[in-house]
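I have placed the structure first, in the form of structure tokens, so that the comments after it can refer back to it.
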Amino acid sequence: MSVNYSPVLWNKQKKLYDLILWIGILFMAVTFIIFQVLFHKDITLQTLIIRTTAIIAFFLLHIILIIGPLCRIDKRFLPLLYNRRHLGVSMFLVALIHGGMAIVQFHTLGDTNPIASIFTANSNYLAISDFPFQVLGFLALIILFLMAITSHDFWLKNLSPAIWKGLHMCVYLAYTLIVIHVATGALQYEDNPIYWTLLVLGVITITGLHLYTGIIETRKLSLPHTLEKEGYYKVCSLEEIDDQCGKSVFINGENIAIFKYDGNVSAVHNVCKHQMGPIGEGKIIDGCITCPWHGYQYLPDNGQSPPPFNEKLKTYRTSVLDGSIWVHPLPLEEGSFIEPTKIPQS
Amino acid sequence: MKEIIMIVLLIVEIYIMIGVVFSIPFHWKGLAIVDKDTVGSTLLFKILITPGIIIFWPHLLYKWKKK
Ligand code: HEM
Ligand code: FES
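Top line first, the protein sequences correspond to chains A and B.
Once you know that position 85 of the first sequence is 530 in the numbering used here, the rest is easy, because the numbers rise by one and skip nothing.
Once you know that position 48 of the second sequence is 53 in the numbering used here, the rest is easy, because the numbers rise by one and skip nothing.
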């Protein structure tokens, strides 16, 4: 959608978002440091930094992973999603301090290359309580690094959306690695059950939310659309969609966004060209369907982004009969014009 | 074990070195060819995408040669 790339997409809301984020990070850091100093009087500065940054990065990673499902459950969480990228890069920077400090502390004193030392300093790869957990942290950090350096839209376009999405899905692998990193590492020396409780609660929250939204979505997928006429399927009554708003439906495996605007009805593919955002949850702004995630725009009648942009969505034929909206689930080629269905005035 | 790790690290180091060298002509000529939207972008943008160029240089080289 960008005609020209700017280094960082900042606007008023995003600046506020980043400000709150970094105040939050500082607040967590100060609180955690106070606790550590109170309970471990002889703690060294390095250990203090390693632990504080570990906890903060791990906490931020949890937030990042629950934002997606939360937004599906309730749209009021959308502002969090809107700037998740900055959250991700900030998390990486904090994790980098943790990993970097740990390498300095544990791996720069010998004569082995520090990176090689992560792999060789402890080779009990079959042990549990003495497992070389730092290797897992290192691998996770590499994944987070690759995600952070490709977070700009330039990479979404130039690595191709499929590769980019695949790379960024590795965040779940990174999360798994870190959970094991923590369980086989720090938690082996902690006898306070609170740490295990928190770790398990985190895992349950994240998997639970993903499973829950997954189940809801599959249910939606298999919703029976009983009424069918000449290939058109009945979707809902006209009143069910507010003016200038949309509705997402699955029909015959097609993910369709239907919009009602200015006395018309149109339908387009429900997957945004930017990062696969749910277009049907967006609104019509300035005559264009506007994606709720980052504001990519498409004309409702032909699915094309207005010039100078050139994204195109598949379009679907619609019909209005007896106060109900019907849609034909066979898509037309991306960017094909379809005369909007006029809503009969009663 | 240690020998294998040292060899892998050496390969990674060489790969990154090539990426660093590649990023110079890529910024100079290739970037504008691979993605014309980058013409006129700021220095900060170019710095931000440089780590990615160093890591994903084979992909970008392929795209550059194809155009
Ligand atoms: C090069 C990569 C990494 C290395 C060498 C490393 C090393 C370590 C070490 C030595 C500890 C034990 C610290 C202690 O208890 O004193 C630790 C704990 C921990 N690490 Fe990592 N780590 C790395 C990457 C990561 C990443 C990417 C994360 C993700 C956010 C992470 C999260 C944690 C957490 C949550 C703990 C437990 C903190 C605590 O002790 O209370 N680590 N790591
Ligand atoms: S997903 Fe980013 S604008 Fe639609």
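Idealized CB from N, CA, C, for every residue including glycine.
Mind pulling the chain B residues with CB within less than 7 Å of I594(A)?
Numbered from 1 along the first sequence, position 149 holds the residue referred to as residue 594(A). The contacting residues are P56, G57, I60.
Do you know offhand how far V648(A)'s Cα is from H507(A)'s?
Here residue 648(A) is taken as the residue at index 203 of the first sequence, counted from 1. Here residue 507(A) is taken as the residue at index 62 of the first sequence, counted from 1. Answer to the nearest angstrom: the Cα atoms are 9 Å apart.
What is the DSSP secondary structure of S447(A), reduced to helix, strand or coil?
Along the first sequence, read from residue 1 onward, the residue named residue 447(A) stands at position 2. Reliability of the predicted coordinates at S447(A) is poor, the pLDDT of 46 falling under 50, and the value obtained from them is presented with this limitation in mind. Look at S447(A) here: in three-state DSSP terms it is coil, with no helix or strand label.
With a threshold of 9 Å between beta carbons, is K72(B) in contact with chain A?
The residue labelled residue 72(B) in the question sits at position 67 within the second sequence. No, no contact with chain A.
Can you grab the Cα-Cα spacing for the pair E685(A) / Q790(A), in whole Å?
Walking along the first sequence from the start, residue 685(A) turns up at place 240. Walking along the first sequence from the start, residue 790(A) turns up at place 345. One C-alpha to the other measures close to 17 Å.
Same chain, Cβ closer than 6 Å to H626(A), neighbours up to 5 away in sequence not counted:
Within the first sequence, residue 626(A) is the residue found at index 181, counting from 1. Here H626(A) has F578, L581, G582 as same chain residues with Cβ atoms under 6 Å from its own Cβ, once five neighbours each way along the sequence are excluded.
Measure the Cβ-Cβ separation of L775(A) and G630(A) and say whether it is below 9 Å.
Residue numbering aside, residue 775(A) sits at position 330 when the first sequence is read from its first letter. Residue numbering aside, residue 630(A) sits at position 185 when the first sequence is read from its first letter. Cβ distance not < 9 Å, so L775(A) and G630(A) don't count as in contact.
Following a CB-centred definition, is L586(A) positioned closer than 8 Å to any heavy atom of ligand 1?
Translated into the one-based positions of the first sequence, residue 586(A) becomes position 141. Distances between the C-beta of L586(A) and the heavy atoms of ligand 1 include at least one below 8 Å.
Pick from C690(A), L538(A), L461(A) that is closest to N709(A), judged by C-alpha positions
Working through the first sequence from its first residue, we reach residue 709(A) at position 264. Among C690(A), L538(A), L461(A), the Cα nearest to that of N709(A) belongs to C690(A).
Look up A566(A) in the DSSP assignment and say whether it is helix, strand or coil.
Start at 1 with the first residue of the first sequence, and residue 566(A) comes out as number 121. Looking at A566(A) - three-state DSSP - the assignment turns out to be coil, as it is neither helix nor strand.
CB of H655(A) within 9 Å of CB of P514(A), strictly
As a working mapping, residue 655(A) is identified with position 210 in the first sequence. As a working mapping, residue 514(A) is identified with position 69 in the first sequence. It is a contact, given that the beta carbons lie within the stated cut-off.
Measuring only from the beta carbon, is I783(A) closer than 8 Å to any heavy atom that is part of ligand 2?
Locating residue 783(A) in the first sequence gives position 338, where the first residue counts as 1. Not so, every heavy atom of ligand 2 lies at least 8 Å from the Cβ.
Chain A beta carbons: is any one of them nearer than 9 Å to that of K7(B)?
Working through the second sequence from its first residue, we reach residue 7(B) at position 2. Chain A contact via Cβ: present.
With DSSP as the reference, please indicate the residues paired to Y678(A) in a beta bridge.
Against the first sequence, residue 678(A) aligns to sequence position 233. Beta-bridge pairing links Y678(A) to E673(A), V772(A).
Here's the rule I'm using: 16 or more other beta-carbon atoms within 10 Å means buried, otherwise exposed. How should L461(A) be labelled?
Taking the first residue of the first sequence as 1, we reach residue 461(A) at position 16. So L461(A) counts as exposed.
Are the segment 6-26 of chain B and the segment 726-735 of chain A touching by the rule of at least three beta carbon pairs closer than 8 Å?
no
How is C690(A) classed by DSSP in three states: helix, strand or coil?
As a position in the first sequence, residue 690(A) is number 245, starting the count at 1. Strand.
As a quick check of your reading: which residues have a C-beta less than 5 Å from at least one non-hydrogen atom of ligand 2, in chain order?
C717(A), H719(A), Q720(A), G722(A), C736(A), W738(A), H739(A), Y741(A)
Is V627(A) near ligand 1, with its Cβ less than 8 Å from a heavy atom?
As a position in the first sequence, residue 627(A) is number 182, starting the count at 1. True, at least one ligand heavy atom lies under 8 Å from that Cβ.
Tell me the DSSP bridge mates of F480(A)?
For the purposes of this step, residue 480(A) is taken as residue 35 along the first sequence, with counting starting at 1. BP columns for F480(A) are empty, so no partner.
Tell whether a beta-carbon distance below 9 Å holds between I563(A) and L532(A).
In the first sequence, counting from the first residue as 1, residue 563(A) sits at position 118. In the first sequence, counting from the first residue as 1, residue 532(A) sits at position 87. Taking 9 Å as the Cβ cut-off, I563(A) and L532(A) do not qualify as a contacting pair.
If we cut at 9 Å on Cβ distances, does V39(B) have a partner in chain A?
As a working note, residue 39(B) is residue 34 in the second sequence. Chain A, which has a Cβ nearer than 9 Å to the Cβ of V39(B), makes this yes.
CB contact check: H64(B) to chain A, cutoff 9 Å:
If you number the second sequence from 1, residue 64(B) lands on position 59. For H64(B), the closest Cβ of chain A is nearer than 9 Å.
Partner residues on chain A for S28(B), Cβ-Cβ distance less than 8 Å
Along the second sequence, one-based indexing puts residue 28(B) at 23. Chain A residues near S28(B): none, gap ~12 Å exceeds 8 Å.
Which of helix, strand or coil does DSSP assign to I788(A)?
As a position in the first sequence, residue 788(A) is number 343, starting the count at 1. I788(A) falls in the coil class under three-state DSSP.
Distance check for Q749(A) and N755(A), CA to CA, integer angstroms please.
Translated into positions along the first sequence, residue 755(A) becomes position 310. Translated into positions along the first sequence, residue 749(A) becomes position 304. Roughly 7 Å separates the two Cα atoms.
May I ask you to check if the CB of Q579(A) is nearer than 8 Å to at least one heavy atom of ligand 1?
Counting from one through the first sequence, the residue named residue 579(A) turns up at place 134. It does: the Cβ of Q579(A) is within 8 Å (strictly closer) of some heavy atom of ligand 1.
Per DSSP, what kind of secondary structure is N603(A) in: helix, strand or coil?
Against the first sequence, residue 603(A) aligns to sequence position 158. Three-state DSSP puts N603(A) in a helix.
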